[in-house]
Amino acid sequence: MKQEEIKLEKTSKKIKSVVIELSDKLNQQELLIESIENETRKNSGLMFQNLQNFQKLLDSMNRDPRNKIIFFLLITAVILVFYLLY
335 MKQEEIKLEK TSKKIKSVVI ELSDKLNQQE LLIESIENET RKNSGLMFQN
385 LQNFQKLLDS MNRDPRNKII FFLLITAVIL VFYLLY
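Below, the structure written as structure tokens:
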């Protein structure tokens with residue numbers, strides 16, 4: 335009877351240590367998940383802000399007539415290069 339009690343005590347201690355270890359690992363995973371969620375929110379906000387800045391830049395470029403002239407000259411240069419090569 336005594337040996338069985340000793341075995342039960344050892345087993346319960348092992349189970350307790352395993353439960354504590356699993357609890358620690360679970361807490362670490364929860365902290366990791368929380369930090370990933372925070373970084374995701376932060377990056378999402380930065381991406382949205384950069385997208386808005388890019389949209390503003392595109393709008394300002396579309397309003398500038400010099401960009402249309404540069405685009406027209408670029409197309410003309412490409413056509414002339416193809417004409418000279420063939």
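Following the working numbering, the numbering of the sequence shown begins with 335 at its first residue and continues without gaps.
Ideal placement from N, C-alpha and C gives every residue a C-beta, glycine not left out.
Confirm, please, whether the CB-CB distance from Met395 to Asn387 is below 9 Å.
Within the sequence shown, numbered from 1, the residue matching residue 387 stands at position 53. Within the sequence shown, numbered from 1, the residue matching residue 395 stands at position 61. No. Outside cutoff.
With H, G and I counted as helix, E and B as strand and the rest as coil, what does DSSP make of Tyr420?
If you number the sequence shown from 1, residue 420 lands on position 86. Coil.
How many Å lie between Glu343 and Lys376 at the Cα?
Locating residue 343 in the sequence shown gives position 9, where the first residue counts as 1. Locating residue 376 in the sequence shown gives position 42, where the first residue counts as 1. Distance between the alpha carbons of Glu343 and Lys376: 49 Å.
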